[in-house]
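Novice: Attaching a single structure in structure tokens format; questions to follow.
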């Protein structure tokens, strides 16, 4: 066997674990979920049996279920609110952490902590915990700022109400945004490090200001990563266990109205994710700049 | 003269603003941890004392002792640690192999496989949980074993099988990281190894792998952390047993007030829960502290970026 041929075989062999896992566990489960969504599933001692019910589960999820359609729309709305904020925060933080200053290592260590602490259990427990709730008032700058004073100040400016509401919600969700930005900061920071120094040096020679450097070099060079970060944030928000819809899909399957309905909800939910991701990629990639 | 001052003021102002920003963000990140730590040392009386904010009036380690016993900490820790280490090592191995295959070799279908890797990342694990559950409940390798097949639930097998085939929790991301990493490594190194007569697998093991250590560290850290924090798969495959730290922690609040009817039981339960949360994340903080320098510095050289 020629060397090139052996390399091809080796390529497949290295990928073999994933190919096996994808076909045996992932694909089978994915197809079955879609299959289940058209059926009523009952567990039997030997396994399970399916009764075909057509679109009944979909009809129930979308037209009869008291909260599924609304929750889905809310979740998507939150996403449009959250992702730009995460993007802006992580981009800015990465720019700051990329500068040289005393205590940079400490700052980075603390700012990456959310990557470690984004725990499902802790999150759930904190939501109903007394001490956390009591201390929240002091901890959330949102609660301090969004008090009556800020609201009055903002509403007296006579800006459009939608904009004001956006600002208020944004301020309130600062801790949440910070918590969700760990990996994104990491991605941007890695990207900043990879911009060749020579470009900035050339710009210096031409007499470019820091402001011009940012808009004409840093931003375009990082634009592919903006796409990556947006996609990652959407996936992260949609698949995290503290997402209301994910929790509903889960409880419907095991304590609620059954596997079939849960599968139908999953399928609708997945279709929504897929559509939003497709749309986002189509829109964002229009102005992504590729250096090579 | 005027100009000179201007030049000095600008960087100074920038440094101050940077300090303010970083301090604020750090405060928000550290605040929950600090609250937990200070309240874990407090007596119940301190909770009602308005003059006590951070430093308890009387320091007590009683909550640690109580939480330790109520969670059956050594037992739960051992189980969680064994499972987490097994899973993260397996995921590290499988995702590195696949990442290398996708990053270093050109073959038909390679792009499709990579697209499928990204696809697994987009599907929420909750979407496929019911079929996954059934697959492992009646595990017959799709007809190879006689019905009703093996019941692999309540064992480590579902975790082992999924991790070693790179379809575990967020494994798509790990494959992506390793692929980007290997893609960025110089070709000369690899070619030199081939010229010297090293085989494909030996080249991977002895030449390419050592150069990928920063990537391996990141993937291992992520895999460990996410499995340690995992609540979803453990509940799905192992059920609500208290044998793991996640469940022990989840049940801690109830256990703490079992049989108590006094007015202070909720306060006590909250103190114990906060102490338990600290004990739960302590191993992660320790791991992060050990790997942190390496992790934070190596980011710059990793291929996380596209």
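Residue numbers (this note's numbering), protein chains in the order written: chain H, 4 to 295; chain P, 66 to 371. No residue lacks a Cβ here, since even glycine has one placed at the ideal position from N, Cα and C.
Give the residues of chain H in contact with residue 331(P), contact being defined as C-beta atoms less than 8 angstroms apart.
Specialist: The residue you call residue 331(P) lines up with position 266 of the second chain. What residue 331(P) touches in chain H: 133.
Novice: Measure how close the beta-carbons of residue 64(H) and residue 248(H) come, nearest whole angstrom, since I'm counting them as under 8 angstroms.
Specialist: Residue numbering aside, residue 64(H) sits at position 61 when the first chain is read from its first letter. Residue numbering aside, residue 248(H) sits at position 245 when the first chain is read from its first letter. With 8 angstroms as the limit, residue 64(H) and residue 248(H) do not qualify as a contact, their Cβ atoms being about 11 angstroms apart.
Novice: Please list the partners that residue 223(H) has in chain P, where partner means a Cβ-to-Cβ separation under 8 angstroms.
Specialist: By 1-based counting over the first chain, the position of residue 223(H) is 220. Neighbours of residue 223(H) on chain P: none; closest Cβ ~14 angstroms, over 8 angstroms.
Novice: According to DSSP, simplified to helix, strand and coil, what is residue 215(P)?
Specialist: Taking the second chain and counting its residues from 1, one reaches residue 215(P) at position 150. In this structure, residue 215(P) counts as strand in the three-state DSSP scheme.
Novice: Got a sec: which bits of the stretch 126-139 of chain P sit with their beta carbon under 7 angstroms from any beta carbon on chain H, in order along the chain?
Specialist: Here the close residues number zero.
Novice: Are the C-beta of residue 148(H) and some C-beta of chain P separated by less than 7 angstroms?
Specialist: In the first chain, the residue the question calls residue 148(H) occupies position 145. At residue 148(H), the pLDDT of 46 sits below 50, so the modelled position is not reliable; the number obtained from the coordinates is stated separately. So, not an interface residue.
Novice: Do residue 105(P) and residue 132(H) have their C-beta atoms closer together than 7 angstroms?
Specialist: Stepping through the second chain from its first residue, residue 105(P) is reached at position 40. Stepping through the first chain from its first residue, residue 132(H) is reached at position 129. It is not a contact, given that the beta carbons lie outside the stated cut-off.
Novice: Output the distance between the C-alpha atoms of residue 148(H) and residue 153(P), rounded to the nearest integer angstrom.
Specialist: Your numbering for residue 148(H) matches position 145 in the first chain. Your numbering for residue 153(P) matches position 88 in the second chain. Any reading at residue 148(H) needs caution, since the residue's pLDDT is 46, under 50, leaving its predicted position unreliable; the model's value is listed next. Rounded to whole angstroms, residue 148(H) and residue 153(P) show a C-alpha spacing of 42 angstroms.
Novice: Span of the alpha helix (DSSP H) holding residue 269(P)?
Specialist: For the purposes of this step, residue 269(P) is identified with residue 204 of the second chain, where counting begins at 1. Unbroken run through residue 269(P): none, as it is neither H nor E.
Novice: When the Cβ atoms of the stretch 274-294 of chain H are set against those of the stretch 218-231 of chain H, are three or more pairs found closer than 8 angstroms?
Specialist: yes
Novice: Might you give, ordered along the chain, the residues of its own chain that have their beta carbon closer than 7 angstroms to the beta carbon of residue 111(H), omitting 5 neighbours on each side?
Specialist: Reading the first chain from its first residue, position 108 is the one you call residue 111(H). Here the set comprises 100.
Novice: What does residue 204(P) pair with, by DSSP beta-bridge criteria?
Specialist: Within the second chain, residue 204(P) is the residue found at index 139, counting from 1. Its beta-bridge partners are 215(P).
Novice: Do residue 283(H) and residue 233(H) have their C-beta atoms closer together than 7 angstroms?
Specialist: Counted from its first residue, the first chain places residue 283(H) at position 280. Counted from its first residue, the first chain places residue 233(H) at position 230. Going by C-beta atoms, residue 283(H) is nearer than 7 angstroms to residue 233(H).
Novice: Would you please state the rounded distance, in angstroms, between the beta carbons of residue 75(H) and residue 275(H)? I believe it to be under 8 angstroms.
Specialist: Position 72 of the first chain, counted from the start, is the residue given in the question as residue 75(H). Position 272 of the first chain, counted from the start, is the residue given in the question as residue 275(H). Contact flag correct, Cβ pair sits at about 6 angstroms.
Novice: Straight-line CA distance for residue 220(H) to residue 203(H)?
Specialist: By 1-based counting over the first chain, the position of residue 220(H) is 217. By 1-based counting over the first chain, the position of residue 203(H) is 200. Looking at the two C-alpha atoms, the distance is approximately 8 angstroms.
Novice: Hey, residue 136(P) and residue 313(P): beta-carbon distance below 7 angstroms or not?
Specialist: Along the second chain, one-based indexing puts residue 136(P) at 71. Along the second chain, one-based indexing puts residue 313(P) at 248. In contact: residue 136(P) and residue 313(P) (Cβ atoms closer than 7 angstroms).
Novice: Within 10 angstroms of the Cβ of residue 236(P), are there 16 or more other Cβ atoms? Answer buried if so, exposed if not.
Specialist: Within the second chain, the letter at position 171 stands for residue 236(P). When all chains shown are included, residue 236(P) counts as buried.
Novice: Measuring CB to CB, does residue 310(P) end up less than 7 angstroms from residue 345(P)?
Specialist: Locating residue 310(P) in the second chain gives position 245, counting from the first residue. Locating residue 345(P) in the second chain gives position 280, counting from the first residue. Their beta carbons are under 7 angstroms apart, which means residue 310(P) touches residue 345(P) by this criterion.
Novice: Compute the Euclidean distance between the alpha carbons of residue 40(P) and residue 54(H), then round it to the nearest angstrom.
Specialist: This structure gives no information on residue 40(P), because the portion of chain P shown stretches from 66 to 371.
Novice: Buried or exposed: residue 4(H), going by 16 or more other Cβ atoms within 10 Å of its Cβ?
Specialist: Position 1 of the first chain holds residue 4(H). With fewer than 16 Cβ atoms within 10 Å of its Cβ, residue 4(H) is classed as exposed.
Novice: Going by beta-carbon coordinates alone, are residue 163(P) and residue 109(P) separated by less than 7 angstroms?
Specialist: In the second chain, counting from the first residue as 1, residue 163(P) sits at position 98. In the second chain, counting from the first residue as 1, residue 109(P) sits at position 44. For residue 163(P) and residue 109(P), no; Cβs fall outside 7 angstroms.
Novice: Three-state secondary structure (DSSP) at residue 51(H)?
Specialist: Your numbering for residue 51(H) matches position 48 in the first chain. Strand at residue 51(H).
Novice: Under 7 angstroms between the Cβ atoms of residue 94(P) and residue 113(H)?
Specialist: The sequence position of residue 94(P) within the second chain is 29, counting from 1. The sequence position of residue 113(H) within the first chain is 110, counting from 1. Yes. Within cutoff.
Novice: So with Cβ pairs under 7 angstroms, would you call residue 29(H) a contact of chain P?
Specialist: Indexing the first chain from 1 puts residue 29(H) at position 26. Yes, its Cβ sits closer than 7 angstroms to a Cβ of chain P.
Novice: Given a cut-off of 7 angstroms, decide if residue 28(H) and residue 227(P) are closer than it, judged by their beta-carbon atoms.
Specialist: Stepping through the second chain from its first residue, residue 227(P) is reached at position 162. Stepping through the first chain from its first residue, residue 28(H) is reached at position 25. In contact: residue 227(P) and residue 28(H) (Cβ atoms closer than 7 angstroms).
Novice: So, with DSSP's three-state summary, where would you put residue 209(H)?
Specialist: For the purposes of this step, residue 209(H) is taken as the residue at position 206 of the first chain. Note: residue 209(H) maps to coil in three-state DSSP.
Novice: Given 8 angstroms as the limit, is there contact between the stretch 290-301 of chain P and the stretch 183-200 of chain P, that is, 3 or more CB pairs closer than that?
Specialist: With a cut-off of 8 angstroms, the stretch 183-200 of chain P and the stretch 290-301 of chain P count as touching, because enough Cβ pairs lie within range.
Novice: Can you tell me which of 264(P), 158(P), 83(P), 213(P) puts its alpha carbon nearest to the alpha carbon of residue 51(H)?
Specialist: As a working mapping, residue 51(H) is identified with position 48 in the first chain. Measuring from the Cα of residue 51(H), the nearest candidate turns out to be 213(P).
Novice: Look at residue 267(H) and residue 42(H) and say whether their C-beta atoms are less than 7 angstroms apart.
Specialist: By one-based count along the first chain, residue 267(H) stands at place 264. By one-based count along the first chain, residue 42(H) stands at place 39. No. Outside cutoff.
Novice: So residue 117(H) is in the alpha helix (DSSP H); what residue range does that whole segment cover?
Specialist: Along the first chain, one-based indexing puts residue 117(H) at 114. Taken as a continuous stretch (DSSP letters only), the alpha helix (DSSP H) holding residue 117(H) covers 116-120.
Novice: Counting only beta-carbon separations shorter than 7 angstroms, does residue 311(P) have a partner in chain H?
Specialist: Locating residue 311(P) in the second chain gives position 246, counting from the first residue. At a cut-off of 7 angstroms between beta carbons, residue 311(P) contacts chain H.
Novice: Please list the terminal residues of the continuous alpha helix (DSSP H) segment that includes residue 133(P).
Specialist: As a position in the second chain, residue 133(P) is number 68, starting the count at 1. Looking at the DSSP string, the run of the alpha helix (DSSP H) that includes residue 133(P) is 127-135.
Novice: Determine the DSSP secondary structure at residue 283(H), reduced to helix, strand or coil.
Specialist: Position 280 of the first chain holds residue 283(H). Note: residue 283(H) maps to helix in three-state DSSP.
Novice: Let me know the secondary structure DSSP gives residue 246(H) once reduced to three states.
Specialist: In the first chain, the residue the question calls residue 246(H) occupies position 243. Three-state DSSP puts residue 246(H) in coil, outside helix and strand.
Novice: Only counting the same chain, and skipping five residues up and downstream in sequence, which positions put a Cβ closer than 8 angstroms to that of residue 218(P)?
Specialist: As a first step, residue 218(P) is located in the second chain; it is residue number 153 there, counting from the start. So the qualifying residues of the chain are 198, 201, 202, 302, 303, 304.
Novice: How many whole angstroms separate the CB atoms of residue 284(P) and residue 243(P), which I take to be in contact at a CB cut-off of 8 angstroms?
Specialist: For the purposes of this step, residue 284(P) is taken as the residue at position 219 of the second chain. For the purposes of this step, residue 243(P) is taken as the residue at position 178 of the second chain. Contact between residue 284(P) and residue 243(P) is confirmed by a C-beta separation of about 6 angstroms, below the 8 angstroms threshold.
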